[in-house]
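Position one of the sequence shown corresponds to residue 161 (my numbering), numbered consecutively onward.
Even for Gly, the Cβ is constructed at its ideal location relative to N, Cα and C.
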Amino acid sequence: MHGRANIKAGRDGSLKLGKVSLVKLAAKYGTPLYVMDEDYMRGQCREYLRAFRSRIAGTEVLFASKAFLTRAMAALVRQEGLSIDVVSGNELECALSAGFDPGNVHFHGNNKTPSEIRRGLEVGIGRFIVDNFDELELIAGTASALGKKADIMLRLAPGVEAHTHKYIQTGQTDSKFGLGIADGRADRAVDMALGLPDVRLHGFHCHIGSQIFDIEAYKLAAENMIAFAASVKERTGFVYEELNLGGGLGVRYVEKDRPSSIDQLAELVCSTVVSESKKHGLKVPKLMVEPGRSIVGEAGVTLYTIGAIKDIPGIRTYASVDGGMTDNPRVALYQAEYDAIVANKAKEKPERLYTIAGNACESGDMLIWDIKLPELKAGDLLAVLTTGAYNYSMSSHYNMHAKPPVVFVRGGRAQVVVRGETVKDIMKPQLLPRRLQG
Ligand SMILES: Cc1ncc(COP(=O)(O)O)c(C=O)c1O
161 MHGRANIKAG
171 RDGSLKLGKV
181 SLVKLAAKYG
191 TPLYVMDEDY
201 MRGQCREYLR
211 AFRSRIAGTE
221 VLFASKAFLT
231 RAMAALVRQE
241 GLSIDVVSGN
251 ELECALSAGF
261 DPGNVHFHGN
271 NKTPSEIRRG
281 LEVGIGRFIV
291 DNFDELELIA
301 GTASALGKKA
311 DIMLRLAPGV
321 EAHTHKYIQT
331 GQTDSKFGLG
341 IADGRADRAV
351 DMALGLPDVR
361 LHGFHCHIGS
371 QIFDIEAYKL
381 AAENMIAFAA
391 SVKERTGFVY
401 EELNLGGGLG
411 VRYVEKDRPS
421 SIDQLAELVC
431 STVVSESKKH
441 GLKVPKLMVE
451 PGRSIVGEAG
461 VTLYTIGAIK
471 DIPGIRTYAS
481 VDGGMTDNPR
491 VALYQAEYDA
501 IVANKAKEKP
511 ERLYTIAGNA
521 CESGDMLIWD
531 IKLPELKAGD
541 LLAVLTTGAY
551 NYSMSSHYNM
561 HAKPPVVFVR
571 GGRAQVVVRG
581 ETVKDIMKPQ
591 LLPRRLQG
């Protein structure tokens, strides 16, 4: 039904993730609870390194930390030999606190603040991925003031956008990210970077979309990027050393999803990079990729307890859970689809149609619109699958809900890596000035 190799029903009918009973985990840690399969995540990291490095030696795989960042996760990817990308000063601090060598941390974002840039330079991060002219100027100025050199790549908009099943080629790109190749901003940024004495330009970056199923889009993007690098060489003499093709590989949320494998992606990307480099008379650059979702997405399960069940005759039956958009905003944000299993009834037949509603005061707070499950009753345990990416990292305190704990499961054992918040944690930054106390 769900097709995840690491999720199985035990003999007693309770669902297991990586040999650990989810029913027991819920009893021990409460719900909602994020559970992440550490063995799966390590396996994905290794597969990325194997698939790319066996085709282009020295490929750097960066974990896109926005997908799921905790100190334990940063340490895990560091142990596996990946680099990491961050989009804020706080993500940078998290990576450093997990023991990352700053040189293996790359800094993204379309509006890095002066203090984030200064901190990045002071600790000696690997690359700033420069998004725009203002930032380029700011980085160059800060580097000069600190007496440092800034190592940068330019984020380009290669005129390819991918959305799950489709990609589109766009001439000019209307996006808040990057510098368009087609509209000439990419060329101008190269010229500007080459003229800045405290900036070292290493190469070019692009990220064409997320949850991509049609991987042909990567081929087009690589072709456009390498053609651009060749035109820059011809125009200015600058020879790029590094090409970062971003993240975006899709994962399986529901039965109908058919993502490509990491190996298929690596084959297509590496063969394109090699053949296009040859075609343009360029050396094969150092390749970089930065997957997020495909490393952590299918590793995650969120456990909820079923509460109120509301049957609206002839319309639908809502089953409410003790979490929702505050721990998983993806459904409310972009109509994401999920699959689920009743963890304490994993061997029972799904025969009734339910809509799984969250507990936030927002009518769009749904987790799954229509799903067939065994007959539900209050107290049942619902395991929503593929919640490893962009759930914990996008969680909020709406309605002052506490953020759930995160548990890693490895080799049949479970360990808390983020403790659940208490009401004390939520109240801690809340001040009550004297004039409001009377
Ligand atoms: C620049 C950049 N790199 C990498 C990623 C990771 O993408 P994914 O999680 O889809 O692999 C993103 C996601 O938005 C991104 O913006």
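In the DSSP assignment, what are the bridge partners of Met-196?
In the sequence shown, counting from the first residue as 1, residue 196 sits at position 36. Bridge pairing for Met-196: Gly-460, Phe-568 [DSSP].
Determine, using beta carbons only, whether Phe-364 and Asp-417 come nearer to each other than 9 angstroms.
On the sequence shown, residue 364 is found 204 positions in, with the first residue counted as 1. On the sequence shown, residue 417 is found 257 positions in, with the first residue counted as 1. Going by C-beta atoms, Phe-364 is not nearer than 9 angstroms to Asp-417.
To which residues does DSSP link Ser-480 through a beta bridge?
Residue numbering aside, residue 480 sits at position 320 when the sequence shown is read from its first letter. Answer by DSSP bridge pairing, in chain order: Ala-517.
Suppose you measure from the CA of Asp-311 to the CA of Pro-510; what does that come to, to the nearest Å?
By one-based count along the sequence shown, residue 311 stands at place 151. By one-based count along the sequence shown, residue 510 stands at place 350. Between Asp-311 and Pro-510, the C-alpha separation is close to 55 angstroms.
Looking at Lys-443: is its Cβ nearer than 9 angstroms to the Cβ of Ser-435?
To locate residue 443, count along the sequence shown from 1; it is residue 283. To locate residue 435, count along the sequence shown from 1; it is residue 275. Taking 9 angstroms as the Cβ cut-off, Lys-443 and Ser-435 do not qualify as a contacting pair.
For Gly-261, verify whether its CB is less than 8 angstroms away from any heavy atom of ligand 1.
Taking the first residue of the sequence shown as 1, we reach residue 261 at position 101. Note on identity: in this sequence residue 261 is Asp, with Gly being the wrong assignment. The answer is no for Asp-261.
Along the chain, where does the beta strand (DSSP E) that runs through Arg-315 open and close?
In the sequence shown, counting from the first residue as 1, residue 315 sits at position 155. DSSP places Arg-315 inside the beta strand (DSSP E), whose first and last residues are 310-317.
Taking the alpha-carbon positions, what's the Leu-533 to Gly-410 distance?
The residue you call residue 533 lines up with position 373 of the sequence shown. The residue you call residue 410 lines up with position 250 of the sequence shown. Cα-Cα distance, rounded: 26 angstroms.
Here's the rule: buried if 16 or more other CB atoms are within 10 angstroms of the residue's CB, otherwise exposed. What is His-557?
As a first step, residue 557 is located in the sequence shown; it is residue number 397 there, counting from the start. Burial call: exposed.
Pick out whichever of Met-385, Ala-538, Leu-361, Arg-570 has its Cα sitting closest to the Cα of Tyr-478.
Here residue 478 is taken as the residue at index 318 of the sequence shown, counted from 1. With distances taken between Cα atoms, Tyr-478 lies closest to Ala-538.
From the DSSP output, read off the bridge partner residues of Leu-600.
A question about residue 600 goes unanswered here, because the residues of the chain that appear run from 161 up to 598.
Let me know the secondary structure DSSP gives Ala-390 once reduced to three states.
As a position in the sequence shown, residue 390 is number 230, starting the count at 1. Helix at Ala-390.
Neighbourhood of Lys-272 by C-beta distance below 7 angstroms, restricted to the same chain and skipping five residues each side:
Position 112 of the sequence shown, counted from the start, is the residue given in the question as residue 272. So the qualifying residues of the chain are Glu-295.
8 angstroms Cβ shell around Arg-595 - same chain, five flanking residues per side excluded
The residue labelled residue 595 in the question sits at position 435 within the sequence shown. Closer than 8 angstroms at Cβ, skipping near neighbours: no residue.
Note down, in chain order, each residue of its chain lying with its Cβ closer than 7 angstroms to the Cβ of Ala-543, except the 5 sequence neighbours on either side.
Within the sequence shown, the letter at position 383 stands for residue 543. Excluding sequence neighbours, Ala-543 sits near Leu-175, Leu-182, Val-461, Leu-463, Ala-500, Ile-501, Ala-503.
Quick one: what's got a C-beta closer than 7 angstroms to Ser-257's C-beta in the same chain, skipping five residues either side?
As a first step, residue 257 is located in the sequence shown; it is residue number 97 there, counting from the start. Cβ neighbours of Ser-257 beyond the five flanking positions: Arg-231.
Closest to His-440 by C-alpha separation, out of Phe-260, Ser-421, Ala-387, Met-448, would be which residue?
Numbered from 1 along the sequence shown, position 280 holds the residue referred to as residue 440. Closest by alpha carbon: Ala-387.
I need the DSSP call for Met-161, collapsed to helix, strand or coil.
As a first step, residue 161 must be located in the sequence shown, where it is residue number 1. In this prediction, Met-161 scores a pLDDT of 45, lower than 50, which makes its location untrustworthy; no coordinate-derived value is stated.
Let me know the secondary structure DSSP gives Thr-432 once reduced to three states.
Along the sequence shown, read from residue 1 onward, the residue named residue 432 stands at position 272. Note: Thr-432 maps to helix in three-state DSSP.
Between the alpha carbons of Pro-445 and Phe-260, how many angstroms are there, rounded?
The residue given as residue 445 occupies position 285 in the sequence shown. The residue given as residue 260 occupies position 100 in the sequence shown. If I take the Cα positions, the gap works out to 24 angstroms.
Every unbroken beta strand (DSSP E) inside the region 498-555 [3 residues or more]:
Segments of the beta strand (DSSP E) lying fully in the region 498-555: 500-502, 512-517, 526-533, 541-545.
Are there three or more Cβ pairs, one per stretch, closer than 8 angstroms when the region 391-410 is compared with the region 374-382?
yes
By DSSP, does Ser-421 sit in helix, in strand, or in coil?
For the purposes of this step, residue 421 is taken as residue 261 along the sequence shown, with counting starting at 1. Correct three-state label for Ser-421: coil.
Compute the Euclidean distance between the alpha carbons of Leu-425 and Pro-473, then round it to the nearest angstrom.
In the sequence shown, counting from the first residue as 1, residue 425 sits at position 265. In the sequence shown, counting from the first residue as 1, residue 473 sits at position 313. Each residue's alpha carbon lies about 47 angstroms from the other.
Are there 16 or more other CB atoms within 10 angstroms of the CB of Met-161, so buried, or fewer, so exposed?
Here residue 161 refers to the residue found at position 1 of the sequence shown. With a pLDDT of only 45 at Met-161, under the threshold of 50, the placement of this residue in the model should not be trusted; the figure read from the coordinates follows. Exposed, because fewer than 16 other Cβ atoms sit within 10 Å of the Cβ of Met-161.
Suppose the cutoff is 7 angstroms on Cβ atoms and the five residues either side in sequence are ignored; what does the same chain contact list for Ile-586 look like?
Here residue 586 is taken as the residue at index 426 of the sequence shown, counted from 1. Cβ neighbours of Ile-586 beyond the five flanking positions: His-557, Met-560, Ala-562.
Using only Cβ atoms and a threshold of 5 angstroms, which residues come within that distance of a heavy atom of ligand 1? Order them by chain position.
Ala-224, Ala-227, His-367, Ser-370, Gly-406, Gly-407, Gly-408, Glu-450, Pro-451, Gly-452, Arg-453
Alpha-carbon spacing of Gly-355 relative to Arg-287, whole angstroms
What you label residue 355 is simply residue 195 of the sequence shown in a count that begins at 1. What you label residue 287 is simply residue 127 of the sequence shown in a count that begins at 1. One C-alpha to the other measures close to 18 angstroms.
Just how far apart, CA to CA, sit Glu-282 and Glu-251?
Taking the sequence shown and counting its residues from 1, the one referred to as residue 282 is at position 122. Taking the sequence shown and counting its residues from 1, the one referred to as residue 251 is at position 91. Rounded to whole angstroms, Glu-282 and Glu-251 show a C-alpha spacing of 16 angstroms.
Evaluate Asp-530 with the Cβ neighbour count: other Cβ atoms within 10 Å of its Cβ, from every protein chain shown; 16 or more gives buried, anything less gives exposed.
Here residue 530 is taken as the residue at index 370 of the sequence shown, counted from 1. Under this definition Asp-530 is an exposed residue.
Following the continuous alpha helix (DSSP H) through Tyr-446, name the residue where it begins and the one where it ends.
The residue labelled residue 446 in the question sits at position 286 within the sequence shown. It is Lys, not Tyr, that sits at residue 446 in the sequence shown. Under the DSSP assignment, Lys-446 falls outside any alpha helix (DSSP H), being part of the beta strand (DSSP E) whose first and last residues are 446-449.
Among Pro-564, Gln-590, Thr-582, which residue has its Cα nearest to the Cα of Ala-186?
Here the question's residue 186 lines up with position 26 in the sequence shown. Of the candidates Pro-564, Gln-590, Thr-582, the one whose C-alpha sits nearest the C-alpha of Ala-186 is Pro-564.
Using C-beta distances below 6 angstroms, list every residue in its chain close to Ser-420, excluding the 5 sequence neighbours before and after it, in chain order.
To locate residue 420, count along the sequence shown from 1; it is residue 260. Cβ neighbours of Ser-420 beyond the five flanking positions: Ile-375.
In this structure, what does DSSP give as the bridge partners for Lys-326?
Locating residue 326 in the sequence shown gives position 166, where the first residue counts as 1. DSSP, once it has assigned bridges, lists His-323 as partnering Lys-326.
Can you tell me where the beta strand (DSSP E) holding Ile-244 begins and where it ends?
For the purposes of this step, residue 244 is taken as residue 84 along the sequence shown, with counting starting at 1. It spans 243-246 - the beta strand (DSSP E) in which Ile-244 sits, taken as one unbroken run.
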